[in-house]
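Below: the structure, in structure tokens.
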Amino acid sequence: MASKNAARWRKQRARGSGHARINMVSGDQYVLAPYNGPEPRALAGLPAAPAQLFGRQAQLREVLALLDPADESPSAITVSAISGLAGVGKTALALYAAHEAVTRDWFPGGALFVPLAGVDPADGVSADQALGAVLRALGVSDNDLPPALDEQAALYQSELARRADRGERLLVMADDAASAAQVRRLVPGTPLHRLLVTSRHSLASPTFPARLIDLGELAPDQAADLISGALLHARGHDPRPGSERAALEAMAEHCGHLPLALQIASALLIADPGLPVATLAADLSDIRTRIRLLSYDTGDGQSLAVRPAFDLSYRRLGDRRSESQVLINLVVVLMKTRRFTDAVNTRRQAALISRELGDAYGGSRAANRVLEMEERMKGRTQKPQL
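Be aware that the sequence shown starts at -8, since it is given in my numbering, and climbs by one per residue.
Following this line, the structure appears as structure tokens:
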């Protein structure tokens, strides 16, 4: 009898799905229980890169040079931080570079994407949430996460060191950081791995060893090329890029040469292949309605729009924003247009805008541009100093 039962037990099989483990209690009794081992690893988590990247070749080369893991010396730069105005194309550049690095097989250990929503107080990710998300992607289960943040940071560095020993280089892309503190614990402790960060603010900090890359608006010809490329990507025989170059340049100027605004304008033209570029450019020439027109419904409950992108940054300005919010709405998109003085007609307004732009976007670069434009439009020659 015993030998018959033994034969029967050998033929039995049990299967668990998901994250479960099969435990035999006694005889033919099995229990399906949660398995607390490592979760599946999401090491190919980059969103799709933009189909085309216009006007960013120099910056792309700089980012790729920083991501190149050939330099494994202790002095290697392991952190790159791309900063700039909302809608200037920080995430597009970072994703394009990250995908190119993966294609070159620089990061066989994987490429992780961490959306931080740093400027949105409702959906922003805390530093400990960001670190926890990366650890889970690396295969650490919730039950294995230490309770203290410092302990989690130590576990993260241990995981990176273990992968470095196996030659598994890892890239972590943290998108839309609010501050250096939000991503400081993601800085790799070994020169084999890389951290790529985007932010609307300068992440200059003595405790955050990043190479800072400032991203500005596109040059006029590059902005027009972006629209042309989008039209031809959608319809290879679209005649408008070839026949309405001047109108494309005018429309690019009305968009402030900012990629987000340019992409929305391109989408409006693509949605209506019979719409002349000159007609849309004329509509966008009215500064009173321009921001309202720069909106596109994607049809899936989402929309692309210039105003919400900047509104998130305005929430961080504090009490002074009430007087100049409407002016900034105009300036950040229109600061290079010939009708700039229609939006800013006093030096006091320009100075207020310059201070708040500096506060909102982490530096005086954009602020200086505002004042310089104001001086130029009013025929002054003295360069303002902030």
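Note that beta-carbon positions come from the ideal geometry of N, C-alpha and C, so glycine has one too.
It should be emphasised that the depicted structure is a prediction, and the values quoted were computed from it without experimental measurement.
1) Looking at Ala121: is its Cβ nearer than 8 Å to the Cβ of Leu203?
2) In the DSSP assignment, find the alpha helix (DSSP H) that holds Ser219 and state where it starts and stops.
3) Cα separation between Leu103 and Ala243?
4) Is the number of C-beta pairs between the segment 249 to 257 and the segment 215 to 222 that are closer than 8 Å three or more?
5) Does DSSP put Arg202 in a helix, in a strand, or in coil?
6) What are the boundary residues of the beta strand (DSSP E) that Ser190 is part of?
7) Have a look at Asp96 and Leu58 and give me their C-alpha separation to the nearest angstrom.
8) Counting C-beta neighbours from all protein chains within 10 Å, is the total for Gly100 16 or more, i.e. buried, or is it exposed?
9) I'd like to confirm the pairing. Which residues does DSSP put opposite Phe104 in its beta bridges?
10) Can you give me the Cβ contacts of Ala172 inside the same chain, cut-off strictly under 7 Å, excluding the 5 residues immediately before and after it?
11) Compare the Cα-Cα distances from Ala42 to each of Leu126, His224, Leu183 and Ser234 and report the closest residue.
12) Looking at C-beta atoms only, is the number of pairs between the segment 131 to 143 and the segment 84 to 96 that lie closer than 8 Å three or more?
13) For Pro179 and Thr69, which I take to be in contact (beta-carbon distance under 8 Å), what is that distance rounded to the nearest angstrom?
14) Nearest-angstrom Cα distance between Ala56 and Asp167?
15) Kindly indicate which three-state DSSP category Ile73 falls into: helix, strand or coil?
16) Quick check on DSSP: helix, strand or coil for Ser149?
17) Output the distance between the C-alpha atoms of Asp274 and Ala67, rounded to the nearest integer angstrom.
18) On the criterion of 16 or more Cβ atoms from any shown chain inside 10 Å, does Gly265 qualify as buried, or is it exposed?
19) State yes or no: is the C-beta of Asp268 within less than 8 Å of the C-beta of Arg231?
20) Are Leu146 and Ala72 close, meaning C-beta to C-beta below 8 Å?
21) Check each candidate in Leu222, Gly123 and Ser276 and name the one with the smallest Cα separation from Ser174.
22) Going by DSSP, what residue range makes up the alpha helix (DSSP H) through Asp274?
23) Shortest alpha-carbon distance to Ala201 belongs to which of Arg281, Val79, Leu239 and Ser74?
24) Using a threshold of 8 Å, state whether the C-beta atoms of Arg52 and Phe98 are closer than that.
25) To which residues does DSSP link Ser196 through a beta bridge?
26) Comparing alpha-carbon positions, which option in Leu151, Thr280 and Leu253 lies nearest Phe45?
27) Return the CA-CA distance between Glu240 and Ser196, expressed in angstroms with no decimal places.
28) Below 7 Å, is the gap between the Cβ of Ile261 and the nearest heavy atom of the ligand SAM?
29) Could you name the residues of the same chain whose beta carbon sits closer than 6 Å to that of Arg47, not counting the 5 residues immediately before and after it, in chain order?
30) Tell me the rounded alpha-carbon separation between Asp205 and Pro182.
31) Please return the same chain residues whose Cβ sits closer than 7 Å to the Cβ of Pro65, not counting the five positions on each side in sequence.
32) DSSP on Leu42, reduced to helix/strand/coil?
33) Starting from Pro179 and walking both ways along the alpha helix (DSSP H), at which residues does that stretch end?
34) With C-beta atoms as the reference, is Leu151 less than 8 Å away from His192?
35) Name, in chain order, the residues that DSSP records as bridge partners for Ala35.
Concretely, from the data shown:
1) no
2) Start and end: Pro211 to Ala225.
3) 34 Å
4) They touch, by the three-pair rule.
5) strand
6) Arg185 to Ser190
7) C-alpha separation (whole angstroms): 11 Å.
8) Around the CB of Gly100, 16 or more other CB atoms lie within 10 Å, so the residue is classed as buried.
9) Met164
10) Ala118
11) His224
12) no
13) 5 Å
14) 22 Å
15) strand
16) helix
17) 50 Å
18) The Cβ neighbour count for Gly265, taken over all protein chains shown within 10 Å, is under 16; the residue is labelled exposed.
19) Sequence inspection shows Val at residue 268; the Asp mentioned does not correspond to that position. Against a cut-off of 8 Å, the Cβ pair of Arg231 and Val268 comes out as a contact.
20) no
21) Note that residue 174 is Val in the sequence shown, not Ser. Residue Gly123 is the option with its Cα nearest to Val174.
22) Val268 to Leu275
23) Ser74 is the residue among Arg281, Val79, Leu239 and Ser74 whose C-alpha sits nearest the C-alpha of Ala201.
24) Not closer than 8 Å, so no.
25) Phe199
26) Measuring C-alpha to C-alpha distances from Phe45 to each of Leu151, Thr280 and Leu253 identifies Leu253 as the nearest.
27) 39 Å
28) What this structure holds is no ligand at all, so the ligand SAM is not there to describe.
29) Leu84
30) 23 Å
31) Pro182
32) As written in the sequence, residue 42 is Ala, which differs from the Leu given in the question. In this structure, Ala42 counts as coil in the three-state DSSP scheme.
33) Unbroken run through Pro179: none, as it is neither H nor E.
34) Going by beta carbons, Leu151 and His192 fall outside the 8 Å limit.
35) Under DSSP, Ala35 takes part in a beta bridge, and its partners are Ala102.
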